[in-house]
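Trainee:
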Amino acid sequence: MSKIPVLVTGGAGYIGSHALLALRDRGWPVAVIDDLSTGTREIVPEGVPFYEGGIADADLLRRIFAEQKIQAIMHFAGSIVVPESIEKPLDYYRNNTIATHSLISAAVACGVKHILFSSTAAVYGAPEHVPVDEQEPTQPINPYGASKLMTERMLADCAAAYPFNYGALRYFNVSGADPDGRSGQIGKGSTHLIKVAVEAATGKRDHVDVFGSDYDTPDGTCVRDYIHVSDLADAHVLALERLIAEPQENLLLNCGYGRGLSVLEVLDALDREVNQEIRREMKPRRAGDPPELIASNRRLVETLEWSPRFNGIDTIIRHALQWERKLAEGRAIPPSRA
Ligand code: UDP
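Taken in order, the sequence shown gives residues 5 to 342; the numbers are from the working numbering.
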C-alpha cells in the first residue's frame, strides 16, 4: 500500500492528534492545519509540518496542498459540545458545515483523492433501535448532530460529482488517551464525562455532576458506548487504506464497541481504579442528551477487519487518568516550540 501525504485538520486537538500519531507510527507522511481555537500546538510532534489557520482559508489550503503534495484529508477540525451547540447553533453550522464546504471546495480544486470525515452518533438523535446500525434513520436532536449530518450529505453529493471518495466515521463516545502518554484531552473547560471524572479524581474539580437520573434506562442515567481514542485512531488508518484500495467506494461506519455503560457505571469504574469514592451530585437532565446510544459496529469490524486493542472501560479510565496526572504535574505538554 503506497502511503500518500495526508493533511490532518484539527491535528492539534484531541482525536486529531491521536490519528496523527497512528499515521506517523505507521510511516505515513502527514501535515497539520489547526486554528488553535481549542487545540494545542505543542501536542503536535516535532517534525510534523504545522499550519496555523482555519479550514475556510482557501489560500492557505491551496498552499498546503501544493507544498505537502496532499492527496488525502482526515478532517477533525470542528466544534463538538452538544449543549454549546444548542446555545450557539450558528457557530456550529459555521464551524462544522460551512467551513467544511470551503475545505471540500479547495480539495476538489486541488485534486485531493480521499476525504475521511469525523462524524458522530449524534446524527441518529434518539434512535428507536439500540444498538444502532448505519441504516437507522438520521434524526438529530441537537444542532451539533445536524451540523455533522449536513456535512455527510455534502460529502456524498460531492463524491458523486467530483473525482474523490470519502468515508464518514460516526463516533460514539470517544475517550481515553494514548497508552504511551504522548497525547490526551487537554480540555479548556471540559464537558465530556470521562474527562470531567478524571479531573475530579486528580483534584481539579471537587465532584462530578450526574445530568439526569430519571431516564428510561436500567439505573436512570444515560447510557453511552465509550470507545478508546487510540482504537478509533487505528480505525481511521484502516479506513484510509480502504478508500485508497477501493476508489469507487465510500464508507459510512459506526465507531463504537457495541457495549453501553451508564454514567454511574463509568463513575463506579473510576472509583475502583482510584480506590476511593469520587463525589457525585445528581442534577437535572442536560439539554439535547438522548437516553441511550450504543453502536452496532458490525460493518466497521467486517469492512476494515478492525480489532480494538483497548476495549474495556477500565483500560480507558486508566489511560485517561494517566494522562490527567501527567497534565496535573506539568509533564504532558512539552515546552513551547513556537
Ligand atoms: N455527563 C454527566 N456529567 C458530566 C458530563 C457528562 O452526567 O459532567 C453525562 C451526559 O449527560 C451524557 C453522558 O454523560 O449522558 C455523556 O456525555 P458526554 O458529554 O461525555 O458526551 P456526549 O454523549 O454528549 O457526546
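Idealized CB from N, CA, C, for every residue including glycine. The model shown is predicted, which means the values in this text are computed figures rather than measured ones.
Counting only the same chain and skipping the five closest in sequence on each side, list residues whose C-beta sits under 6 Å from that of lysine 199.
Mentor: For lysine 199, where only same-chain residues beyond five positions count, the Cβ hits under 6 Å are Gln189 and Gly191.
Trainee: From which residue to which residue does the beta strand (DSSP E) around aspartate 38 run?
Mentor: Start and end: 34 to 38.
Trainee: DSSP beta-bridge partners for glutamate 269?
Mentor: DSSP, once it has assigned bridges, lists no residue as partnering glutamate 269.
Trainee: Among the residues of its own chain, which have a CB less than 7 Å from the CB of serine 187, if the five just before and after it don't count?
Mentor: Once the five neighbours on either side are set aside, the close Cβ partners of serine 187 are Ser21, His22, Leu25, Ile47 and Ala181.
Trainee: When a residue counts only if its C-beta is closer than 7 Å to some heavy atom of the ligand UDP, which residues count, in chain order?
Mentor: Residues with a Cβ closer than 7 Å to any heavy atom of the ligand UDP, in chain order: Val86, Ala126, Asn177, Thr195, His196, Leu197, Ile198, Val200, Val212, Asp213, Val214, Phe215, Gly216, Thr225, Cys226, Arg228, Val267, Arg290, Asp293 and Leu297.
Trainee: Give a yes or no on whether the C-beta atoms belonging to alanine 111 and glycine 58 are separated by under 8 Å.
Mentor: Against a cut-off of 8 Å, the Cβ pair of glycine 58 and alanine 111 comes out as no contact.
Trainee: Which whole-angstrom value is the C-beta distance of serine 179 and threonine 221, which I expect to be below 8 Å?
Mentor: Serine 179 to threonine 221, Cβ: 19 Å. No contact.
Trainee: Would you say glycine 82 and glycine 43 are within 8 Å of each other, going by their C-beta atoms?
Mentor: No.
Trainee: From proline 87 to glutamate 296, what does the alpha carbon distance come to, in whole angstroms?
Mentor: Taking the straight line joining both Cα atoms gives about 17 Å.
Trainee: By DSSP's criteria, isoleucine 3 is part of a beta bridge. Which residues make up the other side?
Mentor: Lying outside 5 to 342, the shown extent of the chain, residue 3 is not represented and no answer is given.
Trainee: Quick one: what's asparagine 169 bridged to in DSSP?
Mentor: Paired residue(s): His118.
Trainee: Taking just the CA atoms, how far does glutamate 71 sit from leucine 268?
Mentor: Leucine 268 and glutamate 71: Cα-Cα distance of roughly 49 Å.
Trainee: Which partner residues of phenylalanine 215 appear in the DSSP bridge assignment?
Mentor: Looking at the DSSP assignment, phenylalanine 215 forms a beta bridge with Lys287.
Trainee: Going by DSSP, what residue range makes up the alpha helix (DSSP H) through serine 83?
Mentor: Element bounds for serine 83: n/a, residue is neither H nor E.
Trainee: Starting from the Cα of threonine 155, find the closest Cα among Val134, Pro131, Gly129 and Ser122 and give me that residue.
Mentor: Considering only alpha carbons, the answer is Ser122.
Trainee: Are there 16 or more other CB atoms within 10 angstroms of the CB of glutamate 253, so buried, or fewer, so exposed?
Mentor: Classification for glutamate 253: exposed.
Trainee: Measure the C-alpha to C-alpha separation of arginine 289 and proline 131 and round it to an integer number of angstroms.
Mentor: Each residue's alpha carbon lies about 18 Å from the other.
Trainee: How is the alpha helix (DSSP H) around serine 21 delimited, first residue to last?
Mentor: It spans 18 to 29 - the alpha helix (DSSP H) in which serine 21 sits, taken as one unbroken run.
Trainee: Enumerated in chain order, which unbroken segments of the alpha helix (DSSP H) with a length of 4 residues or greater are wholly contained in the segment 177 to 214?
Mentor: Listed in chain order, they are 197 to 205.
Trainee: Anyone know if the C-beta pair for alanine 76 and leucine 304 falls short of 8 Å?
Mentor: In this structure, leucine 304 does not lie closer than 8 Å to alanine 76 by Cβ.
Trainee: For alanine 35, which option in Pro338, Ala16, Val10 and Glu328 has the closest C-alpha, if you only look at C-alpha atoms?
Mentor: Of Pro338, Ala16, Val10 and Glu328, the residue nearest in Cα terms is Val10.
Trainee: Output the distance between the C-alpha atoms of alanine 16 and proline 135, rounded to the nearest integer angstrom.
Mentor: Their backbone Cα atoms lie some 32 Å apart in a straight line.
Trainee: Quick one, which of Asp223, Ser106 and Glu309 has its alpha-carbon nearest histidine 79's?
Mentor: Closest option to histidine 79, Cα to Cα, is Ser106.
Trainee: Report the rounded CA-to-CA distance for serine 151 versus tryptophan 310, giving the unit in angstroms.
Mentor: When rounded, the distance between both Cα atoms is 27 Å.
Trainee: Report the residue from Arg284, Pro294 and Asp38 whose alpha carbon sits nearest the alpha carbon of valine 202.
Mentor: Of the listed residues, the one whose Cα sits closest to valine 202 is Arg284.
Trainee: Between the alpha carbons of glycine 264 and isoleucine 321, how many angstroms are there, rounded?
Mentor: Computed Cα separation, rounded: 15 Å.
Trainee: Return the residue from the list Pro33, Arg45 and Asp29 that minimises the CA-CA distance to alanine 336.
Mentor: Checked all of Pro33, Arg45 and Asp29; the closest Cα to alanine 336 is Arg45.
Trainee: Give me, in chain order, the residues of the same chain whose beta-carbon lies closer than 7 Å to that of alanine 342; leave out the 5 immediate sequence neighbours on both sides.
Mentor: At alanine 342 the pLDDT is 43, less than 50, meaning the model places this residue with poor confidence and gives no usable figure here.
Trainee: How big is the Cα-Cα spacing for glutamate 138 and histidine 118?
Mentor: So the two alpha carbons sit approximately 21 Å from each other.
Trainee: Which residue's Cα is closest to the Cα of aspartate 293: Asn146, Pro93 and Met158?
Mentor: Residue Asn146 is the option with its Cα nearest to aspartate 293.
Trainee: Can you list, in chain order, the residues of its chain whose CB lies under 8 Å from that of glutamate 250, leaving out five sequence neighbours each side?
Mentor: Once the five neighbours on either side are set aside, the close Cβ partners of glutamate 250 are Asn169.
Trainee: Go ahead and pull the three-state DSSP assignment for tyrosine 261.
Mentor: Of the three classes helix, strand and coil, the one that applies to tyrosine 261 here is coil, per DSSP.
Trainee: Can you name the start and end residues of the alpha helix (DSSP H) that glutamate 71 belongs to?
Mentor: Note, glutamate 71: alpha helix (DSSP H), 62 to 72.
Trainee: Within 10 angstroms of the Cβ of histidine 323, are there 16 or more other Cβ atoms? Answer buried if so, exposed if not.
Mentor: Label assigned to histidine 323: buried.
Trainee: Over what stretch of residues does the alpha helix (DSSP H) that includes glutamate 245 continue unbroken?
Mentor: Segment 233 to 249, the alpha helix (DSSP H) holding glutamate 245.
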